[in-house]
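These notes are about the structure you will find just below.
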Amino acid sequence: CHAAASSPSSSPNGAVSKASATAGSVEDCSPELKGLLRDLALEEHLPQLRGLGVRVIGDLSDLYVEDFEAAGFTRVQARRLQRAVLAPPVPDPAAAQEDAGNSALRDEARAVSPADL
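As numbered in my numbering, residues 1447 to 1563 make up the sequence shown, in order.
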């Protein structure tokens, strides 16, 4: 991700705009959020998401399509991002095998009664 401008924009009277003050640095968002946006080819929208207060992936579920569109996303991009956030995680086959093996061991341990010892 690219760093945001070092100084927030201000109006002629010196007041800092709410969007730039809220945006802060894109560096303070989670690596998982950056990775998700990169995987979906949407990383250029990170500064706008930061302007909406998004710091972690979970924050995205609080936004509506209209929020994304106001931040410069197309409707398709917004829906793609929402699907990615709502999709259940893909299980790791190695972890599933390990869990199955541990489950079998637990079942064997339960099958042995103190009288068997």
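Built from N, CA and C at the ideal position, the CB exists for glycine as well.
Cβ pair residue i, residue j closer than 8 Å
i: LEU1506; j: VAL1536; result: no
i: LEU1498; j: ALA1517; result: yes
i: ARG1526; j: LEU1486; result: yes
Candidates the options, of which the one nearest residue i by Cα
i: VAL1500; options: ARG1521, PRO1539 and GLU1473; result: GLU1473
i: GLN1494; options: ASP1485, ARG1521 and PHE1514; result: PHE1514
i: THR1520; options: ASP1538, ARG1496 and GLU1490; result: GLU1490
i: VAL1511; options: LEU1492, GLN1528 and ASP1538; result: GLN1528
Unbroken alpha helix (DSSP H) run spanning residue i, endpoints
i: ALA1533; result: No alpha helix (DSSP H) contains ALA1533, which DSSP labels as neither H nor E.
i: ALA1516; result: 1511 to 1516
Contact belief for residue i with residue j at Cβ below 8 Å, rounded distance in angstroms
i: LEU1492; j: LEU1482; result: The Cβ separation is near 10 Å, so there is no contact.
Exercise for review: Identify every run of the alpha helix (DSSP H) within the stretch 1470 to 1507, keeping only runs that are complete inside it and at least 4 residues long; order them along the chain.
Suggested key: 1477 to 1485, 1492 to 1497 and 1503 to 1506
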